[in-house]
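Have a look at the structure below, then the notes.
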Amino acid sequence: MARIVDTRCPRCGAPLPIQAGMDAVTCQYCGARSLVDRGRKPTTAPIPQGMHVVRVAPPSSNAAGVIVMSVVVAMVVVGAAAGAFVMNASGPSRGGSTPLLGVVAKTYFSDRPMLADVNGDGTPDVIGKSNVPGGEEWIAAYDGRDGKPIWKTAALTKDAANHEARRAIVFDRMISIDALGKVQAHDLRTGTPSWSALLGEKARRLCQGDGVIVVETVDDAKHGLEPATGKRRELAKDAACKTVPSSIQEEAPGYRFARWHEFDELGLPGSHEVEGMSVSGAIIPSGPGPRFLLGGRSKGSQVGMVAAVDNKKKVLWKTVVPGVDPLTTRATGVEAGAYEGGFLVVPYDMKDHKDGTRLACFEAATGKRLWDVQVHKKSQVSSGISISANDVFFASWTALYVFSLKTGQLRYMIGTEF
1 MARIVDTRCP RCGAPLPIQA GMDAVTCQYC GARSLVDRGR KPTTAPIPQG MHVVRVAPPS
61 SNAAGVIVMS VVVAMVVVGA AAGAFVMNAS GPSRGGSTPL LGVVAKTYFS DRPMLADVNG
121 DGTPDVIGKS NVPGGEEWIA AYDGRDGKPI WKTAALTKDA ANHEARRAIV FDRMISIDAL
181 GKVQAHDLRT GTPSWSALLG EKARRLCQGD GVIVVETVDD AKHGLEPATG KRRELAKDAA
241 CKTVPSSIQE EAPGYRFARW HEFDELGLPG SHEVEGMSVS GAIIPSGPGP RFLLGGRSKG
301 SQVGMVAAVD NKKKVLWKTV VPGVDPLTTR ATGVEAGAYE GGFLVVPYDM KDHKDGTRLA
361 CFEAATGKRL WDVQVHKKSQ VSSGISISAN DVFFASWTAL YVFSLKTGQL RYMIGTEF
């Protein structure tokens, strides 16, 4: 069995599994190509333009022993990961197994967190794609109170784990659509498969119609599916369709994210109409109240900024995003955020990627900074952010961090840090 060495991408810091014998590797997140230096012998050959170098330990003289131990550890990790979920005839229940040799299963959470009450206790739970490093991927539900697992699906196919796949919560179903347009529905309470269907085209987004699941495909068609059976339903022309929790970054229940080219249509100031600010995106709440502009300072050193405007384009307030020395932060405008119940939360990166990412929370009506906290001091790769009435869910490449919306205090984490 080939041994896999875990290292990080020199460009973005994402996990970079390197198998034995590989001379080059491509980062699955940012696409950077890196040469693999195993330290066998020095070389004076020039590095190809645009490529990086990652260094890994050379193989030891006791290669056979390393391979045998790798097999044992792999079996333990897989067994421990499988033991984290136990299914029985009445549905899922939490279970576990004691890892051998003190090895703890390493799992990642790498998805835009979807929020829904899975177990019926009144608290939003977390659903999203998880995986073992360099191994299988699945979709799982976690208790919103403490992050403990509730259920997991079977391993996803390559197309269902693809970046073109879509996931959403519609009615009492968790819907997964792979890159080939195959729909797989799972019962939201148990995670068990309910039905499947074929769209014949890649999905763009999902929404909730009047008693029907609506899937919009990339050819601008709309497909109606019955929640209970997946059978086709004819859709009324121009029927309303409610936004649902999904893996799509551009929208969430309660708000949507707009880019600068949509500003005129939405009645927002142009990208350079707000004094001192260059705007690249906006958060548009679905209800009454201000809209929020995201971008950077237009003069001097580039620093992340946020502003609120009313429906007449009047600026209500404007401020820098960082709650620390702005010049220690990444020199780029902010392009992500989330809104819930009068709170606006915006992530921002530090200048050195080793200093990681922070979250700033603002009172939506006044722009008052309520808290500003460190998420982690790891990579700056993000999978997305979601907010409930009580918590903020921020996903990195490998872990989900859950903070109190009121105080910014870290409550728990799902997954494993780099």
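Using the working numbering, the letters of the sequence shown map in sequence onto residues 1 to 418.
Here a beta-carbon is modelled for each residue, glycine too, at the ideal position from N, C-alpha and C.
Helix, strand or coil at residue i according to DSSP, with G and I counted as helix
{"i": "Trp371", "result": "strand"}
{"i": "Phe85", "result": "Caution applies to Phe85, whose pLDDT of 41 falls short of 50 and renders its modelled position unreliable; the value that the coordinates give is listed next. In the structure shown, Phe85 sits in a strand (DSSP, three-state: E or B)."}
{"i": "Lys354", "result": "helix"}
{"i": "Leu235", "result": "coil"}
{"i": "Pro124", "result": "coil"}
{"i": "Pro288", "result": "coil"}
{"i": "Trp397", "result": "coil"}
{"i": "Pro17", "result": "strand"}
{"i": "Pro149", "result": "strand"}
{"i": "Leu101", "result": "With a pLDDT of 41 at Leu101, under the threshold of 50, the predicted position of this residue should be treated as unreliable, and no value is reported."}
{"i": "Asn119", "result": "coil"}
{"i": "Ala155", "result": "coil"}
{"i": "Ser196", "result": "strand"}
{"i": "Phe418", "result": "coil"}
{"i": "Phe362", "result": "strand"}
{"i": "Thr107", "result": "coil"}
{"i": "Thr7", "result": "strand"}
{"i": "Ala240", "result": "coil"}
{"i": "Ala252", "result": "strand"}
{"i": "Thr229", "result": "coil"}
Range of the contiguous alpha helix (DSSP H) that encloses residue i
{"i": "Ile263", "result": "Going by the sequence as given, residue 263 is Phe instead of Ile. Counting along the chain, the alpha helix (DSSP H) containing Phe263 begins and ends at 263-266."}
Residue i vs residue j beta-carbon contact at 8 Å
{"i": "Ala203", "j": "Thr217", "result": "yes"}
{"i": "Gly405", "j": "Asn390", "result": "The amino acid occupying residue 405 in the given sequence is Leu; Gly does not appear at that position. Yes, Cβ-Cβ distance for Leu405 and Asn390 is below 8 Å."}
{"i": "Gly200", "j": "Gly181", "result": "yes"}
{"i": "Pro149", "j": "Ala140", "result": "yes"}
{"i": "Val392", "j": "Val320", "result": "no"}
{"i": "Val170", "j": "Ile127", "result": "no"}
{"i": "Ala338", "j": "Ala240", "result": "no"}
{"i": "Tyr348", "j": "Thr329", "result": "yes"}
{"i": "Arg112", "j": "Gly384", "result": "yes"}
{"i": "Gln302", "j": "Ala331", "result": "yes"}
{"i": "Trp151", "j": "Thr190", "result": "yes"}
{"i": "Gly296", "j": "Gly333", "result": "yes"}
{"i": "Val53", "j": "Leu16", "result": "no"}
{"i": "Ala185", "j": "Asp159", "result": "no"}
Selection from the options that minimises the alpha carbon distance to residue i
{"i": "Arg145", "options": "Met413, Lys237, Ala236", "result": "Met413"}
{"i": "Gly300", "options": "Ala140, Ala336, Ile248, Gly276", "result": "Gly276"}
{"i": "Val315", "options": "Arg330, Val279, Tyr339, Glu340", "result": "Val279"}
{"i": "Pro227", "options": "Cys361, Gly304, Ala197", "result": "Ala197"}
{"i": "Met305", "options": "Cys361, Glu340, Asn311", "result": "Cys361"}
{"i": "Phe403", "options": "Gly147, Leu327, Ser130, Ile284", "result": "Gly147"}
{"i": "Gly342", "options": "Glu250, Gly254, Glu265", "result": "Gly254"}
{"i": "Lys377", "options": "Asp178, Ala32, Phe109, Ala399", "result": "Ala399"}
{"i": "Arg259", "options": "Leu225, Asp220, Ser298, Glu335", "result": "Glu335"}
{"i": "Leu268", "options": "Pro245, Leu294, Glu250", "result": "Leu294"}
{"i": "Ser247", "options": "His52, Leu115, Ser388", "result": "Leu115"}
{"i": "Lys313", "options": "Ala179, His272, Ser176", "result": "His272"}
{"i": "Met174", "options": "Pro326, Thr416, Val53, Gly230", "result": "Gly230"}
{"i": "Val244", "options": "Phe292, Asp238, Arg369, Arg166", "result": "Arg166"}
{"i": "Pro290", "options": "Met350, Glu234, Thr366, Pro326", "result": "Thr366"}
{"i": "Glu136", "options": "Gln249, Leu156, Lys242", "result": "Leu156"}
{"i": "Ser298", "options": "Val274, Pro124, Arg205", "result": "Val274"}
{"i": "Asp352", "options": "Gln380, Phe263, Leu359", "result": "Gln380"}
Boundaries (first-last residue) of the beta strand (DSSP E) holding residue i
{"i": "Pro113", "result": "Counting along the chain, Pro113 falls outside any beta strand (DSSP E), and DSSP gives it neither H nor E."}
{"i": "Val183", "result": "182-187"}
{"i": "Met413", "result": "410-415"}
{"i": "Phe343", "result": "343-349"}
{"i": "Leu35", "result": "33-37"}
{"i": "Thr319", "result": "315-320"}
{"i": "Leu206", "result": "203-208"}
{"i": "Arg330", "result": "From DSSP, Arg330 is part of no beta strand (DSSP E); its letter is neither H nor E."}
{"i": "Val309", "result": "304-309"}
{"i": "Gly191", "result": "Neither: Gly191 is in no beta strand (DSSP E) and is coded neither H nor E."}
{"i": "Trp138", "result": "137-142"}
{"i": "Thr26", "result": "24-26"}
{"i": "Leu225", "result": "222-225"}
{"i": "Glu340", "result": "338-340"}
{"i": "Ala161", "result": "Here Ala161 belongs to no beta strand (DSSP E), and DSSP marks it neither H nor E."}
{"i": "Phe257", "result": "255-259"}
Opposing strand residues paired with residue i [DSSP bridges]
{"i": "His52", "result": "Ser34"}
{"i": "Ser382", "result": "Ser396"}
{"i": "Gly211", "result": "In DSSP, Gly211 forms no bridge with anything."}
{"i": "Ile177", "result": "Arg166, Val183"}
{"i": "Ser280", "result": "In DSSP, Ser280 forms no bridge with anything."}
{"i": "Asp391", "result": "Ser404"}
{"i": "Gly295", "result": "Val279, Met305"}
{"i": "Lys377", "result": "None; Lys377 has no bridge partner."}
Contact test: residue i Cβ vs the ligand ATP heavy atom, cutoff 7 Å
{"i": "Asp372", "result": "Looking at this structure, you won't find the ligand ATP or any other ligand, since it has none at all."}
Short CB-CB distance (under 8 Å) between residue i and chain C
{"i": "Lys351", "result": "Any reference to chain C falls outside this structure, which holds one protein chain only."}
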